[in-house]
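Student: Quick one: the structure is below, questions incoming.
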Amino acid sequence: MHYAGNPTIPMQAEADMRKSIPILAALVLCGASGLALAHNCPNEMKAIDAKLSTKPALSPEDTAKVAKLRADGAAYHKAGKHDEAMKSLLEAKKILGI
Numbered sequence: 001m002h003y004a005g006n007p008t009i010p011m012q013a014e015a016d017m018r019k020s021i022p023i024l025a026a027l028v029l030c031g032a033s034g035l036a037l038a039h040n041c042p043n044e045m046k047a048i049d050a051k052l053s054t055k056p057a058l059s060p061e062d063t064a065k066v067a068k069l070r071a072d073g074a075a076y077h078k079a080g081k082h083d084e085a086m087k088s089l090l091e092a093k094k095i096l097g098i
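In terms of the UniProt record's numbering, the sequence shown has 77 at position 77, counting the first letter as 1, and numbering is strictly consecutive.
Structure representation (structure tokens):
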């Protein structure tokens with residue numbers, strides 16, 4: 001490449017690119033972590049199911065509420081409403097103490 005007598009242009013462009021690589025990497029990682037959190041519903045359901053399998057000491061009312069929240073979370077997840085699913089599932093986990 002010929003830069004009309006100014007050899008600093010390619011070096012400056014390379015320096016600029018080196019500065020932008022960490023920024024780009026951070027943006028990619030932030031986006032990927034957001035996707036991971038948005039679709040964590042199955043793991044939350046597994047955690048609830050695992051805790052329920054230990055027969056936790058809950059009142060009948062709390063047991064029924066956890067079951068409803070778990071079912072609602074699964075339905076929301078199936079419908080693609082992941083924010084609502086996570087809200088229901090996290091409330092169930094709170095009642096279960098996990």
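In this text, a Cβ means the ideal position worked out from N, Cα and C, and glycines have one as well.
On a predicted model such as this, the values are computed, not experimentally measured, just so you know.
Under 6 Å Cβ to Cβ from Ile-95, same chain only, skipping five residues before and after it: list those, please.
Tutor: Here the set comprises Asp-62 and Val-66.
Student: Taking only three categories from DSSP, how would you classify Gly-73?
Tutor: Looking at Gly-73 - three-state DSSP - the assignment turns out to be helix.
Student: From this set, Pro-60, Lys-51 and Asn-40, which residue's C-alpha is nearest Ala-74's C-alpha?
Tutor: Closest option to Ala-74, Cα to Cα, is Asn-40.
Student: Taking C-alpha atoms, which residue in Thr-54, Ser-59, Leu-89 and Lys-19 lies nearest to Leu-69?
Tutor: The shortest C-alpha separation from Leu-69 is found at Leu-89.
Student: Are there 16 or more other CB atoms within 10 angstroms of the CB of Ala-92, so buried, or fewer, so exposed?
Tutor: Buried, by the Cβ-count rule.
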